[in-house]
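Peer 1: Mind looking over this structure? Questions follow.
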Amino acid sequence: MKAPNDFWHFDKDISGCGVFGVIDKKRKLIPGTMPIDAMCTMHDRGNGLGGGFAAYGIYPEHADLYAFHLMCDDQAGLDRAEEIIKQYFDIKISEPIPTRKVLAITESPLMWRFFLSPKADRPKWQDVGEDDYVVNIVMHINNRVPGAFVFSSGKNMGAFKGVGFPEDIADFFRLDEYSGYMWTGHNRFPTNTPGWWGGAHPFTLLDWAIVHNGEISSYGINRRYLCQHDYECNMMTDTEVVAYLLDLLIRKHGLSHEMACKVFAPPFWDEIERMPKEEREAYEALRMVYGPAMLNGPFAILVTDSNGMMGLNDRVKLRPLVIGEKDDMVFMSSEESSIREVCRELDRVWAPKAGEPVIVKLED
Amino acid sequence: MLFKPISQNFSDFVIDRENDRCINCEVCVRQCSYEAHYWDDARQCVSHDHTKCVGCHRCEAFCPTGCLTIKKNPADFRDNALWTPTYMKHVYKQGDTGGILLSGMGSPADKPIYWDNLQLDASQVTNPSIDPLREPMELTTYLGSKPDKVSFEETSDGPKLTTKIGPQLKLNYPLMFSAMSFGSINLNLHKAMAMAATELGIAYNTGEGGLHPDLYKYGNNTIVQVASGRFGVHKDYLNAGSAVEIKIGQGAKPGIGGHLPGEKIDEEVSKTRMCPVGSDAISPAPHHDIYSIEDLLQLIYAIKESTEYKVPVSVKIAAVHNAPAIASGIVRAGADIVVIDGFRGGTGAAPTMIRDNVGIPMELALAAVDNRLRDEGIRNHASLVVAGGIRCSADAIKAIALGADAIYIGTAALVSVGCTLCGRCYTGKCPWGIATNEARLKKRQNPEVAAKRLANLVRAWGHEIQEMLGGMGLNSIESLRGNRDKLRGLGLNETELDILGVKHAGR
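Taken in order, these protein sequences are the chains called A and B. Residue numbers for the first sequence, in the UniProt record's numbering: 1 to 364. Residue numbers for the second sequence, in the UniProt record's numbering: 1 to 507.
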């Protein structure tokens with residue numbers, strides 16, 4: 001799409017972070033207390049200005065409906081968003097997201113959730129797939145509807161996030177009452193005071209969720225590349241580009257998770273030169289074509305979707321990432337201590353190499 | 001009437017000879033191809049004529065006792081903000097000759113140089129800077145059309161590419177030697193560029209004068225140019241290089257063709273250009289088979305057909321007002337590389353009025369073209385190369401941050417082998433042995449020595465680019481390409497910032 005006027009004039013938050021993820025490959029349910037305890041251990045990796053969780057398998061009774069989580073400045077914002085949602089979806093359930101009063105959190109947006117199915121007779125975007133249809137509406141609300149923000153839009157999953165330490169956010173959203181087969185958590189250390197709940201991690205789109213520790217120095221070009229492919233970055237954070245890039249590379253361009261990771265953290269040219277011919281051609285093409293989508297700068301990211309979890313470091317490993325395994329469970333974290341806190345005895349612990357993805361698929 | 005033309009009374013330079021130190025060795029006499037120095041038989045000593053001095057500093061550099069200094073003529077006209085000496089001297093010359101004023105090299109006019117108003121970023125605390133002495137720092141660049149997406153087949157031996165990628169020109173540095181024709185500069189320098197480009201793993205451009213048979217062996221690092229005069233163009237020539245460039249325009253003289261004076265056309269130039277010895281080689285202003293964009297498409301595909309789609313085809317235009325729309329048309333016409341040449345680009349000869357007044361700064365054209373191609377979703381269909389007045393690695397890296405894939409360096413390359421920008425290339429008497437085909441002058445350039453200096457220059461810039469890139473926390477050039485977040489403007493107005501797509505420093 002054409003870049004909007006003043007597209008170049010943007011601000012971006014900078015932050016350091018702690019990340020944690022756990023998955024049970026056989027979809028056994030893990031109580032919310034586990035990721036909460038793990039994140040508590042990494043309290044010092046944040047500064048109380050951002051915390052959040054993504055949980056999969058938490059809405060089994062509505063597994064075929066899109067679960068939209070909204071944060072709104074006020075009732076008017078929610079009303080405006082609902083007006084749009086009504087045009088495009090059949091609303092099956094509309095309810096507040098359960099929260100409790102927490103001492104540490106004095107001000108919070110209005111939290112609401114909808115369980116939705118797309119209208120059979122679409123008013124717009126008749127010719128696109130259902131995924132794109134949903135993405136378009138999410139983008140429309142987030143970019144064009146003042147005072148309302150959709151921060152979770154997948155099926156049988158949900159994101160919970162806000163301004164505060166992760167343990168306070170968990171308390172606020174009553175996450176101890178949820179159970180899911182896969183969780184990620186995030187603790188944020190922004191260098192300024194954004195104060196906007198939408199800026200916390202995880203970032204989600206459909207059933208994708210991303211938690212990220214790092215600063216993407218290539219943000220400026222990643223953002224322009226995405227704009228060329230009709231994604232408008234407006235959340236003032238570089239993590240957003242990871243979410244959109246994954247959507248573009250995996251869902252739209254059909255790359256495998258592995259190859260998408262190689263776009264983000266490609267092999268060095270001198271490694272490519274030493275590869276056998278066919279592999280060399282593949283990686284040369286990958287780097288030529290997806291150079292603007294490469295994530296340059298320090299990062300450790302955890303990416304989850306309905307197929308499983310993926311952990312990835314930048315290609316010179318400038319941020320920590322540790323993997324732990326215990327039976328059917330796999331843990332990924334910034335610190336081994338947080339894994340040991342929730343699972344003392346592990347079968348295997350290792351630090352993945354720079355740029356080498358760790359991909360854990362659900363066994364179905 | 002004055003006994004000599006009025007234009008000669010007010011010389012640009014004066015030759016300051018310390019007579020105490022002059023040993024009358026006549027080195028200056030032999031070095032000066034303009035005969036500013038001479039043996040004065042009557043006085044039995046070396047003497048000089050200020051009016052013939054072009055300010056090339058050759059004599060100064062070679063004087064064994066260091067007795068010579070070339071200075072700007074301190075004779076002042078009465079101060080006048082409008083009628084500066086430059087304009088008065090122009091008028092004197094034209095009163096003498098009735099001709100068009102000619103100039104060599106890029107415009108020296110005092111007009112905005114945006115590189116000087118752009119500052120780069122560096123990492124502090126929140127992301128680590130990367131040290132190129134300890135970590136890989138990648139500058140490899142591929143020029144050519146890229147598909148929108150690629151697909152792979154998973155095999156037991158790893159991924160296998162199932163998308164066909166068009167021909168690419170691989171560069172180890174995002175730098176190339178700009179088009180300077182054989183004829184405008186001599187074979188020694190063409191050979192030097194070819195050798196340096198080969199050693200560096202980059203490319204040099206033949207310019208519009210064809211390719212000398214001795215240089216075919218450097219084809220993998222050669223871009224062969226096709227210009228409106230079609231000098232030296234034939235099937236073997238097109239297939240000799242690793243890319244073909246169609247030259248539509250040149251930054252120093254947009255809208256007009258080229259003129260290589262007959263004096264510069266010796267036997268070798270004549271054979272290579274396929275034109276008679278001693279006759280002027282004139283390139284027409286337009287290509288007479290390209291009167292519109294659809295004609296350009298035909299030429300692009302004629303070249304692709306004759307090279308069997310094995311090399312990328314480039315189209316070079318001068319940076320003019322509508323460059324974004326023109327560039328968009330060029331990409332849609334099938335070009336794999338678009339070159340934008342800014343108004344500061346060098347030349348062997350250009351009408352002074354055109355050089356100094358036609359065209360726009362490359363910085364603005366580059367930003368606007370990159371924006372337009374992205375807005376239209378076709379930026380990946382062609383690589384964007386820029387030329388015209390890149391003085392140092394910082395200029396080059398800023399161009400990349402604005403959106404360029406690679407940079408042509410011409411003037412900087414010549415300066416590295418001794419050019420002093422005296423701007424008299426069109427006389428064919430270059431005392432530094434660069435823009436001349438006179439046997440006694442051209443031998444002043446040794447191809448091996450010149451190649452080493454050219455390679456040194458590119459390596460030095462490469463190191464500097466790596467340092468700056470690492471400082472920004474990036475370890476690959478593609479993460480800077482078009483990443484204008486790494487630039488900030490200094491003292492630029494809102495319109496300029498908007499065109500360049502950069503924020504002002506402090507924001």
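All C-beta atoms in this analysis are idealised placements derived from N, C-alpha and C, irrespective of residue type, glycine included.
#1: So, using beta-carbon positions, are Phe172 of chain A and Gly180 of chain A closer together than 8 Å?
#2: Buried or exposed: which applies to Met1 of chain B, given that a residue is buried once 16 or more other Cβ atoms fall within 10 Å of its Cβ?
#3: Looking at chain A, is there any beta carbon in it that lies within less than 8 Å of the beta carbon of Lys149 of chain B?
#4: Distance cutoff 8 Å, beta carbons only. Does Trp125 of chain A sit that close to anything in chain B?
#5: Could you tell me the alpha carbon to alpha carbon distance between Met309 of chain A and Tyr219 of chain A, rounded to whole angstroms?
#6: Between Gly232 of chain B and Met274 of chain B, is the Cβ-Cβ spacing less than 8 Å?
#7: Using a threshold of 8 Å, state whether the C-beta atoms of Gly433 of chain B and Leu421 of chain B are closer than that.
#8: Answer yes or no: does any C-beta atom of chain A fall closer than 8 Å to that of Thr495 of chain B?
#9: Once the 5 residues before and after Trp112 of chain A are set aside, which same chain residues still bring their CB inside 7 Å of it?
#10: Would you tell me roughly how many angstroms separate the C-alpha atoms of Val385 of chain B and Glu153 of chain B, rounded to the nearest one?
#11: Counting along the chain, where does the beta strand (DSSP E) carrying Val303 of chain A start and finish?
#12: Which residues in the same chain as Pro4 of chain A place their Cβ atom closer than 8 Å to its Cβ, once the five residues preceding and following it in sequence are excluded?
#13: Ignore the nearest five residues each way along the sequence and tell me which others in Ala285 of chain B's own chain have a CB closer than 6 Å to its CB.
#14: From Lys253 of chain B to Ser314 of chain B, what distance separates their C-alpha atoms?
#15: Write down the C-beta distance between Leu492 of chain B and Asn117 of chain B rounded to the nearest angstrom, noting that I regard them as a contact closer than 8 Å.
#16: What does a CB cutoff of less than 8 Å around residue 512 of chain B pick up in its chain, not counting 5 residues either side in sequence?
#17: In whole angstroms, what separates the C-alpha of Thr191 of chain A from that of Asp13 of chain A?
#18: Measure the CB-CB distance between Gly345 of chain B and Gly389 of chain B and report whether it falls below 8 Å.
#19: Look up Glu264 of chain A in the DSSP assignment and say whether it is helix, strand or coil.
#20: Give a yes or no on contact between the region 236-247 of chain B and the region 395-410 of chain B, applying the rule of three or more CB pairs nearer than 8 Å.
#21: Let me see if you follow: with CB-CB separation under 8 Å, is Gly329 of chain B close to chain A or not?
#22: For Met1 of chain B, which of helix, strand or coil comes out of DSSP?
#23: Measuring straight from C-alpha to C-alpha, what distance separates Pro128 of chain B and Gly297 of chain A?
#24: Whose C-beta lies closer than 7 Å to the C-beta of Asn143 of chain A among residues of the same chain, with five residues either side of it excluded?
#25: For chain B, find out if any of its Cβ atoms is closer than 8 Å to the Cβ of Leu318 of chain A; answer yes or no.
#26: Give the DSSP bridge partners of Tyr204 of chain B, in chain order.
#27: For Lys119 of chain A and Ser94 of chain A, what's the separation of their Cα atoms in angstroms?
#28: Would Gly158 of chain B count as contacting chain A if we go by Cβ distances under 8 Å?
#29: Would Tyr133 of chain A be called buried (16 or more neighbouring beta carbons within 10 Å of its own) or exposed?
#30: Use the C-beta contact count for Thr65 of chain B: other C-beta atoms within 10 angstroms, 16 or more gives buried, fewer gives exposed.
#31: Using a cut-off of 9 Å between C-beta atoms, extract the partners of Gln168 of chain B located in chain A.
#32: Does any residue of chain B have a CB that is nearer than 8 Å to the CB of Gly220 of chain A?
#33: Is there at least one Cβ from chain B nearer than 8 Å to Phe20 of chain A's Cβ?
Peer 2: For this structure:
#1: Along the first sequence, read from residue 1 onward, the residue named residue 172 of chain A stands at position 172. Along the first sequence, read from residue 1 onward, the residue named residue 180 of chain A stands at position 180. With respect to Gly180 of chain A, Phe172 of chain A sits apart: the two C-beta atoms are not nearer than 8 Å.
#2: As a first step, residue 1 of chain B must be located in the second sequence, where it is residue number 1. In this prediction, Met1 of chain B scores a pLDDT of 48, lower than 50, which makes its location untrustworthy; the coordinate-derived value is nonetheless stated afterwards. An exposed status is given to Met1 of chain B, since fewer than 16 other beta-carbon atoms sit within 10 Å of its beta-carbon.
#3: The residue labelled residue 149 of chain B in the question sits at position 149 within the second sequence. Cβ-Cβ to chain A under 8 Å: yes for Lys149 of chain B.
#4: What you label residue 125 of chain A is simply residue 125 of the first sequence in a count that begins at 1. Taking Cβ atoms only, chain B never reaches closer than 8 Å to Trp125 of chain A, which makes this a no.
#5: Position 309 of the first sequence holds residue 309 of chain A. Position 219 of the first sequence holds residue 219 of chain A. Cα to Cα, the separation comes out at about 23 Å.
#6: Residue mapping note: residue 232 of chain B aligns to position 232 of the second sequence, counting from 1. Residue mapping note: residue 274 of chain B aligns to position 274 of the second sequence, counting from 1. By the CB criterion at 8 Å, Gly232 of chain B and Met274 of chain B fall inside the cutoff.
#7: Taking the first residue of the second sequence as position 1, residue 433 of chain B is located at position 433. Taking the first residue of the second sequence as position 1, residue 421 of chain B is located at position 421. By the CB criterion at 8 Å, Gly433 of chain B and Leu421 of chain B fall outside the cutoff.
#8: Residue numbering aside, residue 495 of chain B sits at position 495 when the second sequence is read from its first letter. No, no contact with chain A.
#9: Counting from one through the first sequence, the residue named residue 112 of chain A turns up at place 112. Excluding residues within five positions, the ones whose Cβ falls inside 7 Å are Leu70, Cys72, Leu78, Pro96, Ile97.
#10: Working through the second sequence from its first residue, we reach residue 385 of chain B at position 385. Working through the second sequence from its first residue, we reach residue 153 of chain B at position 153. About 33 Å.
#11: For the purposes of this step, residue 303 of chain A is taken as residue 303 along the first sequence, with counting starting at 1. Element bounds for Val303 of chain A: 299-305.
#12: Here the question's residue 4 of chain A lines up with position 4 in the first sequence. Glu232, listed in sequence order.
#13: Residue numbering aside, residue 285 of chain B sits at position 285 when the second sequence is read from its first letter. Here Ala285 of chain B has Ile256, Gly257 as same chain residues with Cβ atoms under 6 Å from its own Cβ, once five neighbours each way along the sequence are excluded.
#14: Mapped onto the second sequence, residue 253 of chain B falls at position 253. Mapped onto the second sequence, residue 314 of chain B falls at position 314. Rounded to whole angstroms, Lys253 of chain B to Ser314 of chain B spans 19 Å at the Cα level.
#15: Translated into the one-based positions of the second sequence, residue 492 of chain B becomes position 492. Translated into the one-based positions of the second sequence, residue 117 of chain B becomes position 117. Going by Cβ atoms, the distance from Leu492 of chain B to Asn117 of chain B rounds to 5 Å, so yes, they are a contact pair.
#16: Lying before the first or after the last residue shown, residue 512 of chain B is absent from chain B, which here runs from 1 to 507.
#17: Residue 191 of chain A sits at position 191 when you count from the first residue of the first sequence. Residue 13 of chain A sits at position 13 when you count from the first residue of the first sequence. In this structure, the CA atom of Thr191 of chain A is about 7 Å from the CA atom of Asp13 of chain A.
#18: By one-based count along the second sequence, residue 345 of chain B stands at place 345. By one-based count along the second sequence, residue 389 of chain B stands at place 389. Their beta carbons are under 8 Å apart, which means Gly345 of chain B touches Gly389 of chain B by this criterion.
#19: For this step, residue 264 of chain A is matched to residue 264 along the first sequence. It should be pointed out that residue 264 of chain A corresponds to Phe in this sequence rather than to Glu. In the three-state DSSP reduction, Phe264 of chain A falls in the helix class (H, G or I).
#20: With a cut-off of 8 Å, the region 395-410 of chain B and the region 236-247 of chain B do not count as touching, because too few Cβ pairs lie within range.
#21: Within the second sequence, numbered from 1, the residue matching residue 329 of chain B stands at position 329. Taking Cβ atoms only, chain A never reaches closer than 8 Å to Gly329 of chain B, which makes this a no.
#22: The count along the second sequence starts at 1 and reaches residue 1 of chain B at position 1. With a pLDDT of 48 at Met1 of chain B, under the threshold of 50, the modelled position of this residue cannot be trusted; read the value that follows with caution. Of the three classes helix, strand and coil, the one that applies to Met1 of chain B here is coil, per DSSP.
#23: Counting from one through the second sequence, the residue named residue 128 of chain B turns up at place 128. Counting from one through the first sequence, the residue named residue 297 of chain A turns up at place 297. Their backbone Cα atoms lie some 8 Å apart in a straight line.
#24: Within the first sequence, residue 143 of chain A is the residue found at index 143, counting from 1. Same-chain partners within the cutoff: Glu232, Asn234.
#25: In the first sequence, counting from the first residue as 1, residue 318 of chain A sits at position 318. It does: the Cβ of Leu318 of chain A has a partner Cβ on chain B nearer than 8 Å.
#26: To locate residue 204 of chain B, count along the second sequence from 1; it is residue 204. Beta-bridge analysis with DSSP links Tyr204 of chain B to B:Phe177, B:Thr222.
#27: As a first step, residue 119 of chain A is located in the first sequence; it is residue number 119 there, counting from the start. As a first step, residue 94 of chain A is located in the first sequence; it is residue number 94 there, counting from the start. Whole-angstrom Cα-Cα distance: 16 Å.
#28: Position 158 of the second sequence, counted from the first residue, corresponds to residue 158 of chain B. So yes, Gly158 of chain B belongs to the interface.
#29: In the first sequence, residue 133 of chain A corresponds to position 133, counting from 1. Answer is buried; the Cβ neighbour count reaches 16.
#30: For this step, residue 65 of chain B is matched to residue 65 along the second sequence. By the 16-neighbour rule on beta-carbons within 10 angstroms, Thr65 of chain B is exposed.
#31: Translated into positions along the second sequence, residue 168 of chain B becomes position 168. Residues of chain A passing the Cβ test: Glu284, Met288.
#32: Start at 1 with the first residue of the first sequence, and residue 220 of chain A comes out as number 220. Residue-level contact by beta carbon holds for Gly220 of chain A and chain B, with a gap shorter than 8 Å.
#33: As a position in the first sequence, residue 20 of chain A is number 20, starting the count at 1. It does not; no Cβ of chain B falls within 8 Å.
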